[in-house]
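J.:
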Amino acid sequence: MKNLLFLFLSFLIVACNNDDDNGTPENPADALPPATQTGEGTFGCLIDGEPFFPGRFGGDRPSAFYQFVCGAYTLGISASRGGGVEKQSLRISGLDIKGLDISTYSLKSRMPGNFSAEYDIAVGNILDGSTTEENPGTLTITNFTDEIISGTFEFSVLDNDGNEIRITNGRFDLRYTN
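Position 66 of the sequence shown, counting from 1, maps to 66 under the working numbering, and the rest follow consecutively.
What follows is the structure, given as structure tokens:
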């Protein structure tokens with residue numbers, strides 16, 4: 001009886017280990033949502049090589065807007081996950097921009113006429129990093145219709161100790177409000 005129990009437990013351990021190995025892609029970018037252009041509501045990227053997925057509900061859910069406010073067009077794309085000191089947020093914005101089209105834009109400082117990106121952990125307390133003129137990133141809009149915005153992005157920010165944090169393989173496919 002002890003041998004049978006031992007064999008059964010051994011089988012369960014091996015089966016669990018095999019399932020774990022099969023569920024983890026070899027390339028972390030393969031875990032990201034596909035780069036679609038149909039308003040699927042997806043957002044993902046790698047942060048220092050680790051997959052980042054936002055929450056699916058409430059304030060963590062990815063969102064986008066492109067609005068004409070106070071005489072200027074403004075773009076906002078955001079996503080977050082977690083809570084408390086674990087909360088991570090990514091934002092891409094364009095302030096006072098003159099039209100938006102399928103094109104590649106530099107992510108620089110948060111100033112009128114620029115596009116910029118930010119990565120925060122626990123909103124301003126642990127890490128509050130932004131792109132700059134000296135350390136720009138890129139935003140590529142691959143689809144822009146009356147209701148859908150899709151694209152890719154990458155940028156890096158510095159943490160509070162001056163270490164670089166790389167956000168790569170970013171992609172989004174969202175319906176936006178206007």
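Backbone N, C-alpha and C define an ideal beta-carbon position, used for all residues, glycine too.
Leaving aside the five residues before and after Arg-91 along the sequence, list all residues of the same chain whose C-beta is less than 6 Å from its C-beta, in chain order.
T.: By one-based count along the sequence shown, residue 91 stands at place 91. Once the five neighbours on either side are set aside, the close Cβ partners of Arg-91 are Ser-78, Glu-118.
J.: Within its chain, find whatever has a CB closer than 8 Å to the CB of Asp-96; leave out the 5 residues flanking it on each side and keep chain order.
T.: In the sequence shown, counting from the first residue as 1, residue 96 sits at position 96. Ala-72, Tyr-73, Thr-74, Pro-112, Gly-113.
J.: For a minimum of 3 consecutive residues, which ranges assigned as the beta strand (DSSP E) are wholly contained in the region 82-169?
T.: As far as the region 82-169 is concerned, its whole beta strand (DSSP E) runs of at least 3 residues are 88-97, 104-108, 115-121, 127-130, 137-144, 148-158.
J.: By a C-beta neighbour count over all protein chains shown, 10 Å radius and 16 as the cutoff for buried, is Arg-171 buried or exposed?
T.: Translated into the one-based positions of the sequence shown, residue 171 becomes position 171. That one is buried.
J.: Rounded to whole angstroms, what's the CA-CA distance from Gly-83 to Gly-44? Just pull it up for me.
T.: Taking the first residue of the sequence shown as position 1, residue 83 is located at position 83. Taking the first residue of the sequence shown as position 1, residue 44 is located at position 44. Distance between the alpha carbons of Gly-83 and Gly-44: 18 Å.
J.: Taking Ile-141 and Asp-101 to be in contact with their CB atoms under 8 Å, please state how far apart those CB atoms are, rounded to whole angstroms.
T.: Translated into the one-based positions of the sequence shown, residue 141 becomes position 141. Translated into the one-based positions of the sequence shown, residue 101 becomes position 101. The Cβ separation is near 7 Å, so the contact holds.
J.: If you measure between the beta carbons of Leu-107 and Leu-139, is that distance less than 7 Å?
T.: Here residue 107 refers to the residue found at position 107 of the sequence shown. Here residue 139 refers to the residue found at position 139 of the sequence shown. Contact flag set, yes.
J.: Closest by CA to Ile-149, which one among Arg-175, Asn-163, Glu-50, Ile-47?
T.: In the sequence shown, counting from the first residue as 1, residue 149 sits at position 149. For Ile-149, the nearest C-alpha among the options comes from Arg-175.
J.: Would you kindly work out how many angstroms separate the C-alpha atoms of Glu-147 and Thr-131, rounded to a whole number?
T.: Taking the first residue of the sequence shown as position 1, residue 147 is located at position 147. Taking the first residue of the sequence shown as position 1, residue 131 is located at position 131. If I take the Cα positions, the gap works out to 27 Å.
J.: Tell me, to the nearest whole angstrom, how far the beta carbon of Phe-115 is from that of Ser-93; I am working on the premise that it is less than 8 Å.
T.: As a working note, residue 115 is residue 115 in the sequence shown. As a working note, residue 93 is residue 93 in the sequence shown. Yes, they are in contact, since the Cβ atoms of Phe-115 and Ser-93 sit about 7 Å apart, within 8 Å.
J.: Return the residue from the list Gly-162, Thr-168, Gly-99 that minimises the CA-CA distance to Thr-152.
T.: Start at 1 with the first residue of the sequence shown, and residue 152 comes out as number 152. Checked all of Gly-162, Thr-168, Gly-99; the closest Cα to Thr-152 is Thr-168.
J.: For Glu-80, which residues of its own chain have a beta-carbon under 8 Å away from its beta-carbon, when the five flanking residues on both sides are left out?
T.: Here residue 80 refers to the residue found at position 80 when the sequence shown is read from its first residue. In the sequence under discussion, the amino acid at residue 80 is Ser, which differs from the Glu named in the question. Hits under 8 Å: Pro-54, Gly-55, Gly-59, Asp-60, Lys-87, Gln-88, Ser-89, Leu-90.
J.: Which residues bound the beta strand (DSSP E) around Asn-50?
T.: Here residue 50 is taken as the residue at index 50 of the sequence shown, counted from 1. Per the sequence shown, residue 50 should be read as Glu rather than Asn. Its beta strand (DSSP E) spans residues 50-52.
J.: Cutting at 8 Å between CB atoms, please list the residues of its own chain near Glu-164, excluding the five before and the five after it.
T.: Here residue 164 corresponds to residue number 164 of the sequence shown, with the count starting at 1. These residues qualify, in order along the chain: Ser-156, Val-157, Leu-158.
J.: Identify whether Ala-35 lies in helix, strand or coil by the three-state DSSP scheme.
T.: Residue numbering aside, residue 35 sits at position 35 when the sequence shown is read from its first letter. Three-state result, Ala-35: coil.
J.: Which whole-angstrom value is the C-beta distance of Pro-28 and Pro-51, which I expect to be below 8 Å?
T.: The sequence position of residue 28 within the sequence shown is 28, counting from 1. The sequence position of residue 51 within the sequence shown is 51, counting from 1. Yes, Pro-28 and Pro-51 are in contact; Cβ-Cβ is about 6 Å, under 8 Å.
J.: Let me check one thing: in DSSP terms, what residues is Tyr-176 bridge-paired to?
T.: Your numbering for residue 176 matches position 176 in the sequence shown. DSSP lists no partner for Tyr-176.
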